[in-house]
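Written out below as C-alpha cells is the structure these notes cover.
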Amino acid sequence: MSELNQILADLRTACEDPAARLRHYLSQGKKVVGCFPPYTPEELVHASGMIPIGLWGGHTELKRSKSYLPPFACPIMQANMEFGLGGSYQGLSAVIIPALCDTLRCMTQNWRFGVRDIPMIPIVYPQNRTSPASVDYLVSEYETVLTMLYTITGQMMNEKALCAAIDIYNEHNAAMRSFDRTANDHLDIITPQVRHTIHKSAFFYEKSEHTAILRAIVRELEQLPVCQWRGKKVLLAGIMCEPEEVLDILAENGIAVVADDLAQESRQYRTDTPVTGGGGLKRLAIQWNSRRGCSMIHELDKPRGKMMLQMCRETGAQGVISCMMKFCDPEEYDQPFYETELRKAGYPCLSIDIDQQNTSFEQIRTRLQTFGEML
Ligand code: SF4
C-alpha cells in the first residue's frame, strides 16, 4: 500500500507541475513536442526519438490570449494560447495541432503568429472515413508531419521505429483499460480524483514508462481486498472533468466514477492500431478510421448513446454526467442524441458546465448532490 501511495503521489505531482516533467526530459538531452488534444499522432513523435507531452490547458489568468481568441473559444484553447504567449511552454521543440474543430483550426493560425518561437505542425484528419481515399490522404498528412519533425531532429524516422512505437502505444492502451477494470473493484482508493490523475498523467510520461507505472498500480490493487462500494456510481461524458474540485464534490457525496467517455481519458485508449494491414503509417490511418463514438469525428449513426449504455450496463453506472466544456460546439451537438437514448433506457443524466478557470463551485455542488440523491 505504501508503494501505491507513493506512485499516486508521484502522478499527482506530474499533473500539478507538467513543466517539471518537461524539464526532466530536457535534462536527459531529449527533445519534447507539445501535443494539442485530441488524437495527436504521438507515435510519430515517439518514433522520431522525441517525447510527446499533452497540452490540455490548465488554470491561469487569461490576458494575452484575448488578443488572439474570441471570448467564446473553449477554455482549454484559451489557456493553451495564454501559456504559449506567456512562455510557459519554453523548451518545447514544436507543437502539433490536430484541426478537429473550428477552435482548433483557428488555433493553428493564432499559434503561428502569436508564438513564433515554437514551431507549429498542423494535421488535418479526414472526416469522410468511408472513402478509401481517406487512408491515402491521412498517410500523406502523417508524411508531412514527419517531414516537419525531421527539421527538428535532422533524422528521418524509420519503419522499424514506427512499428515499435505503435506496439508501445497499443500496450499502453491495454494497460489503461486493465487499470479501469481493476479500479472498479477498489472504489474506496480509486476516488474520482485519483482515477482522473492516473488517466491525465499519461500525457506527461514516455508511454512505456507510464505502462510500467500502470502495471504496478494494478499489481498493488489486486493485492488488496475488493471493496463493496455502497455509494452511487456514474459515468462521465464530455471532453474532460476539471477542475479537480468537481471530482472532489463527487467523492464528498459518495459518488464514484466507474466509466468515462471523456476525450481526455478513455476515448484515447479505446481503439488500438491494427497489427496488420500495411506499413506503420497506413495502420495508423486505419486506426483513425476505426475510432468510434467521438464528438469530433463524423459518424452518421451517432453511436455514443449506445456505447454509453453498454458501458453503464457493464460497470453498474446508475447515471451519466455530461461534463459540458464551455463553448464546445462538437460536444453540444452530440449531447441531445446520447442523452435521449440514455434517458429512454432509464439512466438519469445531468449536465454541468466545465471551465478550467472556474473558482466557484457552489452551484455545481448543489446540482451534483441532488443528482446523487436521485440515483
Ligand atoms: S473539441 Fe471542444 S474542447 Fe476540444 S478544442 Fe474544440 S471546442 Fe475546444
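So the sequence shown is numbered by our numbering: it starts at 1043 and just counts up by one. All C-beta atoms in this analysis are idealised placements derived from N, C-alpha and C, irrespective of residue type, glycine included.
By alpha-carbon distance to asparagine 1152, the top candidate from Tyr1192, Gln1405, Ser1107, Met1190 is Ser1107. Scanning the region 1356–1397 for uninterrupted alpha helix (DSSP H) segments of 4 residues or longer gives 1371–1386, listed from N- to C-terminal end. Between ligand 1 and the CB of threonine 1195, the shortest heavy atom gap is not smaller than 6 Å. In the DSSP assignment, lysine 1324 falls within the alpha helix (DSSP H) that extends over 1322–1332. DSSP places lysine 1275 in the strand class (E or B) of the three-state scheme. For alanine 1298, the enclosing beta strand (DSSP E) covers residues 1297–1304. For leucine 1134, the enclosing beta strand (DSSP E) begins and ends at 1134–1140. According to DSSP, methionine 1162 shares a beta bridge with Val1137. Taking C-beta separations shorter than 7 Å and ignoring five residues to either side along the sequence, the partners of tyrosine 1179 in its chain run Pro1168, following chain order. If you check the C-beta of proline 1345 against ligand 1, you find no heavy atom less than 6 Å away. Remark: the C-beta of threonine 1102 is outside contact range of ligand 1, defined as less than 6 Å to any heavy atom. For glycine 1358, the number of other beta carbons within 10 angstroms of its own is below 16, and it is reported as exposed.
Contact check for valine 1276 against glycine 1361 passes: the beta carbons are separated by less than 7 Å.
Secondary structure of valine 1236 (DSSP, three-state): helix. Within a 10 Å sphere around the beta-carbon of glutamate 1383 sit 16 or more other beta-carbons, which makes this residue buried. In the DSSP assignment, the residues bridged to valine 1075 are Pro1094, Ala1136. Exclusion of isoleucine 1394 from the 6 Å shell around ligand 1 follows from its C-beta lying no nearer than that to any non-hydrogen atom of the ligand.
In this structure, the C-beta of threonine 1082 stays at least 6 Å away from each heavy atom of ligand 1.
Contact between glutamate 1381 and serine 1364 holds: CB atoms are separated by about 7 Å, below the 8 Å threshold. Between the region 1384–1392 and the region 1311–1322, the count of Cβ pairs shorter than 8 Å is below three; the stretches do not touch.
Each of Gln1377, Arg1054, Val1300 was checked against the Cα of glutamate 1356, and the nearest Cα belongs to Val1300. One thing to note: lysine 1274 has its Cβ within 7 Å of the Cβ of leucine 1417.
Counting along the chain, the unbroken alpha helix (DSSP H) around histidine 1252 starts and ends at 1249–1264. In the displayed model, glycine 1128 falls within a helix according to three-state DSSP. Note on geometry: alpha-carbon atoms of serine 1176 and arginine 1147 lie some 19 Å from one another. In this structure, Ala1258 is the residue among Gly1196, Arg1325, Ala1258 with its C-alpha nearest to the C-alpha of threonine 1224.
For ligand 1, a non-hydrogen atom lies closer than 6 Å to the CB of proline 1372. Collapsing the DSSP output to three states places glycine 1156 in a helix. Within the same chain, Val1288, Ile1363, Ser1364, Cys1365, Met1366, Ile1406, Arg1409, Leu1410 come within 8 Å of isoleucine 1394 by CB-CB distance, once the 5 residues on both sides are set aside.
Threonine 1186 has its Cβ no nearer than 6 Å to any heavy atom of ligand 1. As DSSP reads the structure, glycine 1280 sits in a beta bridge with Leu1304, Cys1365. Excluding sequence positions up to five before and after valine 1268, its CB lies within less than 8 Å of the CB of Asp1227, His1228, all in the same chain and listed in chain order. Here glutamate 1045 is exposed, its C-beta having fewer than 16 other C-beta atoms within 10 Å. A residue is called buried when at least 16 other Cβ atoms come within 10 angstroms of its Cβ; glycine 1296 does not meet this threshold and is exposed. With the rule of 3 Cβ pairs closer than 8 Å, the region 1124–1134 counts as touching the region 1094–1103.
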